[in-house]
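Everything on this sheet refers to the single structure shown next.
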Amino acid sequence: ERLEEGLEKTRTSLLGKLDRLIRGKDQVDDEVLDQLEELLITSDVGVKTTLEIIRRVEARVARDKYVSTRELNAIIRDEIAQLLLDHAPERPADFDAPLPHKPYVIMVVGVNGVGKTTTIGKLAYRYREAGKSVLLGAADTFRAAAIEQLEIWAERAGVPLIKQHPGADPAAVAFDTLAAAKSRGVDVVIIDTAGRLHTKGGLMEELAKIRRVMGRQVEGAPHEVLLVLDASTGQNAIRQAEEFTKSVEVTGLVLTKLDGTAKGGIVIGISNEFKIPVKYIGVGEKIEDLQIFDRRAFVEALFG
Ligand code: GDP
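Note that UniProt numbering has the sequence shown beginning at 13, numbered continuously upward.
Okay, structure coming up:
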């Protein structure tokens, strides 16, 4: 139900456009398909993914000869669900599922303002609620405010935090955090990282260094690298994904602020375009407003 509320704007926009598209027409023809293509592109589904969906709908029309516009909604929903099934992997593990490593190390990356700190707080809360011990590492040392913000979220989530003074070496903070996690027997470590794209020496090098240091402390760490993207920025989020995936091995995407935007269509295209699964979605500012991404539930909430 939260998901449906969160996707309300995207849903209204998509269904409204679909409605206008088929109004006064009985049959799915080339004109309807052209308009559908435009509709999907303007709904931030992405060009490549839009063309795939159109091809699928075309194939259905070719097979069934006559397809009424009344059926179009159901067909699009089926095809999008199938596309998500083909390209997005199974639903990520629940927070109470056993973890493959101890400590399980998650590194969180993304540009400032996308909701990175909030997402870390939400994840920490969910793991803790699920009975796991959590430790946060404040490796965005560039801004004092970033450390303070993370401290606020650590407190809300009821989990401890390792920090140093502003300006400290981010890799040293990550190192200390993993050392502490090992000695305390912590289950989950979540490392925050800087989010400005232009740093002295470059953000990507900084992230690479943090990774190397973590790998020396804990075998295979980081086990998960989550890229946080603000869904409401549409194509900007796609560009950020391009930028980060070029230099960082991202293992999962988090799309935030789906609740405030009509651009939720981005969720359909992005994992298809980058071959990286959407693992979590943010549907509000509160600590509970994070969901494990479930493509079936997503399609249901979108097209009902
Ligand atoms: P950071 O700079 O990437 O760490 O971003 P923050 O975590 O500080 O979040 C920036 C703003 O986005 C804050 O006002 C958050 O409350 C808001 N925010 C984060 N996630 C969500 C979400 O899923 N939905 C909504 N509506 N707001 C969010």
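Glycine is no exception: its CB is placed at the ideal position from the N, C-alpha and C atoms.
Remark: the C-beta of Val126 is in contact range of the ligand GDP, defined as less than 6 Å to any heavy atom. Under the Cβ criterion (8 Å, minimum of three pairs), the region 168-178 counts as touching the region 137-156.
By the CB criterion at 7 Å, Gly277 and Val57 fall inside the cutoff. Annotated as proximal: Ser25 and Ala274, with beta-carbon spacing under 7 Å. Bounds of the beta strand (DSSP E) holding Asp242 are Glu236 to Asp242. In this structure Lys134 is buried. Its beta-carbon is surrounded by 16 or more other beta-carbon atoms within 10 angstroms.
Between Leu238 and Gly214, the gap from beta carbon to beta carbon reaches 7 Å or more.
Its chain contains Pro182, Val185, Ala186, Ile203, Asp204, Thr205 and Ile222 as the residues whose beta carbon lies nearer than 7 Å to that of Ala151, once the 5 sequence neighbours on both sides are disregarded; these appear in chain order.
Note that the C-beta distance between Leu30 and Asn85 is below 7 Å. Of the other Cβ atoms in all chains shown, fewer than 16 fall within 10 Å of the Cβ of Pro110; this residue is therefore exposed. As the crow flies, the alpha-carbon of Val59 is around 22 Å from that of Ile34.
Counting of Cβ neighbours within 10 angstroms places Asp108 among the exposed residues, the total staying below 16. By the beta-carbon neighbour count (other beta carbons within 10 angstroms, threshold 16), Gly122 is buried.
In this structure, the ligand GDP has no non-hydrogen atom nearer than 6 Å to the beta-carbon of Asp46.
For Gly170, the closest alpha carbon among the candidates Val120, Leu302, Tyr137 and Gly179 is that of Tyr137.
The region 107-160 contains, as complete alpha helix (DSSP H) runs of 4+ residues, the segments 128-141 (chain order). The alpha carbon of Ser244 has as its nearest neighbour, out of Ile87, Gly127 and Pro104, the alpha carbon of Gly127.
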